[in-house]
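Chains as they are written, first to last, in this note's numbering: chain A, 18 to 255; chain B, 15 to 181.
Notes for the one structure printed next.
Pasting the structure below:
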C-alpha cells in the first residue's frame with residue numbers, strides 16, 4: 018500500500034478530512050504500525066503545543082480591559098448580564114485583583130451616565146447610587162436586605178484605618194466590598210451575586226469568593242460584632 | 015459597553031497566547047497584545063458585525079508582528095547577535111512557569127521556527143483554528159498554509175527527537 022504522506026496524516030489529526038477519508042487513514046494506521054506511530058507523534062505534538070502555550074489569564078489583562086472599555090463610548094444598559102459572563106470562572110483571575118477590577122468597572126459604570134436607578138458608580142470607582150450609599154451608611158447586617166434587596170454583610174477596618182463593608186445589591190445581581198473615604202464609599206471589589214432564596218440567610222455566607230478574597234486582602238484585625246458595628250455606624254464611619 | 019468591547023475583552027487570553035507563541039519574549043508579547051488592542055479600537059469601524067472577531071483581531075496582530083519583524087531585521091544588522099542571544103535566554107527563563115520539560119522544549123522549538131511556519135503552527139496547533147480560518151488570518155491561499163504547517167511540524171518533530179523528547 019501507499020505510504021501516506023505527512024500532509025494527509027496531519028489533516029487527520031487536525032480534523033480537516035471528510036469522514037470517509039479519515040476512516041481510510043485510521044484503517045491504514047490499524048494495518049501498519051509505522052503509520053500508526055507517525056499519526057501518534059502528530060497527535061502528541063498537537064496536545065503538547067496547547068500545553069506549551071496555555072491560554073491563562075494574565076494580571077495585565079485588567080489594564081487592557083479598562084482600555085477597551087474606555088476606548089469606545091458606546092452605551093448599553095444590559096451590563097449585569099455582561100458582568101456575570103465577564104466574571105465567569107474562566108476569566109475570574111483577570112478580575113481577582115480587586116483594585117484593578119474596581120477601576121475597570123468604574124469606567125464601565127461611569128458610561129451609564131444618566132441612569133436614574135439601580136446600581137451606579139462614579140468613573141473613579143466611588144459609589145454614586147444613592148440607595149446603596151444610604152444602605153452602606155445606615156444599615157446593620159442584622160437587618161437583612163431592604164426592599165430593593167440591598168444588604169450589608171461584614172464590617173471591618175483596613176490597614177489604612179478605613180471602614181470597609183461588604184454589601185449585596187440583590188436586585189442588581191452584584192455584591193461587593195466598599196471602603197469609606199473622606200468623600201464617600203469607594204468600591205474595592207465587585208462580583209456577580211445571586212440572592213439565595215432560602216428564608217434564613219446570612220449576608221456573609223452569600224458573599225461571592227472574589228469579594229471574600231478582597232476582604233482577606235484588606236482586613237486588619239477582626240470583623241465587627243453587632244455592637245461594634247452599631248457604634249461605628251452611629252459615629253458616621255469616621 | 016457593547017458586544018464589540020465585551021468580545022474583545024473575552025478574547026484577551028487568546029490574543030496573549032497567540033502573541034506568546036509568535037514572539038520570542040514575554041515583553042514583546044505584551045507589547046504586541048497592547049498594540050493589537052489599540053489598533054482594534056482605532057479601526058473598529060472596519061469590523062463587520064456578525065463576522066468573527068477572533069479572526070479579525072488575529073489578522074491585526076499578525077500584521078503588526080510582521081511590521082515588527084521587518085523593523086527587527088533592520089536592527090539585527092547593527093545589533094551584535096551575542097547581545098540578542100543573551101537577552102532572549104534570560105527572558106525565556108523568566109517566563110517558563112511550571113511547564114513540563116517536553117512542553118518547554120516544544121515552546122523553544124516553536125519560537126525557533128521561521129516566521130511563516132511559526133504563525134501557522136500558532137494558529138492551528140496552539141489556538142486550534144481551522145486551516146481555512148488560519149489561511150485567512152495569514153492572508154495566504156489554503157495550500158500555502160498547509161505546506162507551512164507540514165514543514166513546521168516536521169521541523170518540530172525533528173528538533174524534539176534530536177533533544178531526546180518523544181513527541
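Ideal placement from N, C-alpha and C gives every residue a C-beta, glycine not left out.
Residue environment, residue 71 of chain A, which counts as buried when at least 16 other CB atoms sit within 10 Å: Taking the first residue of the first chain as position 1, residue 71 of chain A is located at position 54. Classification for residue 71 of chain A: exposed.
Express the C-alpha separation of residue 52 of chain A and residue 43 of chain A in angstroms, rounding to a whole number. For the purposes of this step, residue 43 of chain A is taken as residue 26 along the first chain, with counting starting at 1. For the purposes of this step, residue 52 of chain A is taken as residue 35 along the first chain, with counting starting at 1. The straight-line gap from Cα to Cα measures roughly 9 Å.
Would a check of beta-carbon distances place residue 85 of chain A closer than 8 Å to chain B? Taking the first residue of the first chain as position 1, residue 85 of chain A is located at position 68. Nearest CB-CB separation between residue 85 of chain A and chain B: below the 8 Å threshold.
Given a cut-off of 8 Å, decide if residue 131 of chain B and residue 172 of chain B are closer than it, judged by their beta-carbon atoms. Counting from 1 along the second chain, the entry for residue 172 of chain B is found at position 158. Counting from 1 along the second chain, the entry for residue 131 of chain B is found at position 117. No, these two residues do not count as a Cβ contact at 8 Å.
Compute the beta-carbon to beta-carbon distance between residue 231 of chain A and residue 171 of chain A, rounded to the nearest angstrom, for a pair I have assumed lies under 8 Å. Taking the first chain and counting its residues from 1, the one referred to as residue 231 of chain A is at position 214. Taking the first chain and counting its residues from 1, the one referred to as residue 171 of chain A is at position 154. 11 Å between Cβ atoms; not a contact.
Bounding residues of the beta strand (DSSP E) (the contiguous stretch that carries residue 173 of chain A): For this step, residue 173 of chain A is matched to residue 156 along the first chain. Segment 167 to 174, the beta strand (DSSP E) holding residue 173 of chain A.
If you drop the 5 nearest sequence neighbours on each side, which residues of the same chain put their C-beta closer than 7 Å to that of residue 20 of chain B? Within the second chain, numbered from 1, the residue matching residue 20 of chain B stands at position 6. Around residue 20 of chain B: no qualifying Cβ.
In the DSSP assignment, find the alpha helix (DSSP H) that holds residue 184 of chain A and state where it starts and stops. For this step, residue 184 of chain A is matched to residue 167 along the first chain. Where residue 184 of chain A is concerned, there is no enclosing alpha helix (DSSP H), although the beta strand (DSSP E) it sits in stretches over 180 to 186.
Use the C-beta contact count for residue 133 of chain A: other C-beta atoms within 10 angstroms, 16 or more gives buried, fewer gives exposed. To locate residue 133 of chain A, count along the first chain from 1; it is residue 116. Confidence at residue 133 of chain A is low in this model, with a pLDDT of 36, below 50, so its placement is unreliable and the value that follows should be read with caution. Classification for residue 133 of chain A: exposed.
According to DSSP, is residue 201 of chain A part of a helix, a strand, or is it coil? Your numbering for residue 201 of chain A matches position 184 in the first chain. Looking at residue 201 of chain A - three-state DSSP - the assignment turns out to be strand.
Straight-line CA distance for residue 67 of chain B to residue 61 of chain B? Residue 67 of chain B sits at position 53 when you count from the first residue of the second chain. Residue 61 of chain B sits at position 47 when you count from the first residue of the second chain. If I take the Cα positions, the gap works out to 8 Å.
What did DSSP end up calling residue 194 of chain A once you bin it into helix, strand or coil? Reading the first chain from its first residue, position 177 is the one you call residue 194 of chain A. Looking at residue 194 of chain A - three-state DSSP - the assignment turns out to be strand.
Is it buried or exposed, residue 189 of chain A, if we count other Cβ atoms within 10 angstroms and call 16 or more buried? Your numbering for residue 189 of chain A matches position 172 in the first chain. Classification of residue 189 of chain A: buried, given that the 10 Å Cβ count is 16 or more.
Distance, Cα to Cα, residue 94 of chain B vs residue 85 of chain B? Counted from its first residue, the second chain places residue 94 of chain B at position 80. Counted from its first residue, the second chain places residue 85 of chain B at position 71. With a pLDDT of only 43 at residue 94 of chain B, under 50, the local geometry of the prediction cannot be trusted, and the value read off the model is given with reservation. Each residue's Cα considered, the two are about 15 Å apart.
Positions along the stretch 69 to 84 of chain A whose CB lies within less than 8 Å of some CB in chain B: Per Cβ criterion, the list reads 69, 70, 71, 72, 73, 74, 75, 77, 78, 81, 82, 84.
Answer yes if the stretch 240 to 249 of chain A comes into contact with the stretch 66 to 85 of chain A, meaning at least three C-beta pairs across the two stretches below 8 Å, and no otherwise. By the criterion of at least three beta-carbon pairs nearer than 8 Å, the stretch 66 to 85 of chain A is not in contact with the stretch 240 to 249 of chain A.
Got a sec: is the Cβ-Cβ distance from residue 186 of chain A to anything in chain B below 8 Å? Counted from its first residue, the first chain places residue 186 of chain A at position 169. It does not; no Cβ of chain B falls within 8 Å.
Going by Cα to Cα distance, which pick from A/82, A/248, A/37, A/26 is closest to residue 55 of chain A? Taking the first chain and counting its residues from 1, the one referred to as residue 55 of chain A is at position 38. If we check each option's Cα against that of residue 55 of chain A, A/26 comes out closest.
Does chain A have any CB closer than 8 Å to the CB of residue 28 of chain B? As a first step, residue 28 of chain B is located in the second chain; it is residue number 14 there, counting from the start. With its beta carbon less than 8 Å from one in chain A, residue 28 of chain B belongs to the interface.
Residue environment, residue 36 of chain A, which counts as buried when at least 16 other CB atoms sit within 10 Å: Taking the first chain and counting its residues from 1, the one referred to as residue 36 of chain A is at position 19. It counts as exposed.
Contact set between the stretch 44 to 64 of chain B and chain A, restricted to residues whose Cβ is under 9 Å from the partner: Going along the stretch 44 to 64 of chain B in chain order, one finds 44, 47, 48, 51, 52, 54, 55, 56, 58 with a Cβ nearer than 9 Å to chain A.
With a 10 Å radius around its C-beta and 16 neighbouring C-beta atoms as the bar for buried, classify residue 177 of chain A as buried or exposed. Residue numbering aside, residue 177 of chain A sits at position 160 when the first chain is read from its first letter. So residue 177 of chain A ends up on the exposed side.
State the start and end residues of the unbroken alpha helix (DSSP H) segment that holds residue 19 of chain B. Position 5 of the second chain holds residue 19 of chain B. Start and end: 17 to 36.
Buried or exposed: residue 246 of chain A, going by 16 or more other Cβ atoms within 10 Å of its Cβ? Within the first chain, the letter at position 229 stands for residue 246 of chain A. So residue 246 of chain A ends up on the buried side.
Assigned secondary structure, residue 208 of chain A (DSSP; H/G/I helix, E/B strand, else coil): The residue you call residue 208 of chain A lines up with position 191 of the first chain. Residue state, collapsed to three classes: strand.
Thinking just about the alpha-carbon of each residue, which of B/24, B/16, B/29, B/18 is nearest to the one in residue 151 of chain B? Indexing the second chain from 1 puts residue 151 of chain B at position 137. Residue 151 of chain B has its Cα closest to that of B/29, out of B/24, B/16, B/29, B/18.
How would you call residue 187 of chain A, buried or exposed, if buried means at least 16 neighbouring beta carbons within 10 angstroms? Position 170 of the first chain holds residue 187 of chain A. Looking at its Cβ environment, which holds 16 or more other Cβ atoms inside 10 Å, residue 187 of chain A is buried.
Residues from the stretch 40 to 63 of chain A in contact with chain B, defined by Cβ distance under 8 Å: Those would be 58, 59, 61, 62, 63, in chain order.
Closest Cβ-Cβ distance between residue 160 of chain B and chain A: below 8 Å? To locate residue 160 of chain B, count along the second chain from 1; it is residue 146. Yes, residue 160 of chain B counts as interfacial toward chain A.
Can residue 79 of chain B be considered in contact with the ligand MN, in the sense that its beta carbon sits closer than 7 Å to one or more heavy atoms? Summarising the ligand content, the structure contains no ligands, and the ligand MN is consequently not present.
Out of curiosity, what's the CA-to-CA distance linking residue 169 of chain A and residue 82 of chain A? Position 152 of the first chain, counted from the first residue, corresponds to residue 169 of chain A. Position 65 of the first chain, counted from the first residue, corresponds to residue 82 of chain A. Going from the Cα of residue 169 of chain A to the Cα of residue 82 of chain A covers about 29 Å.
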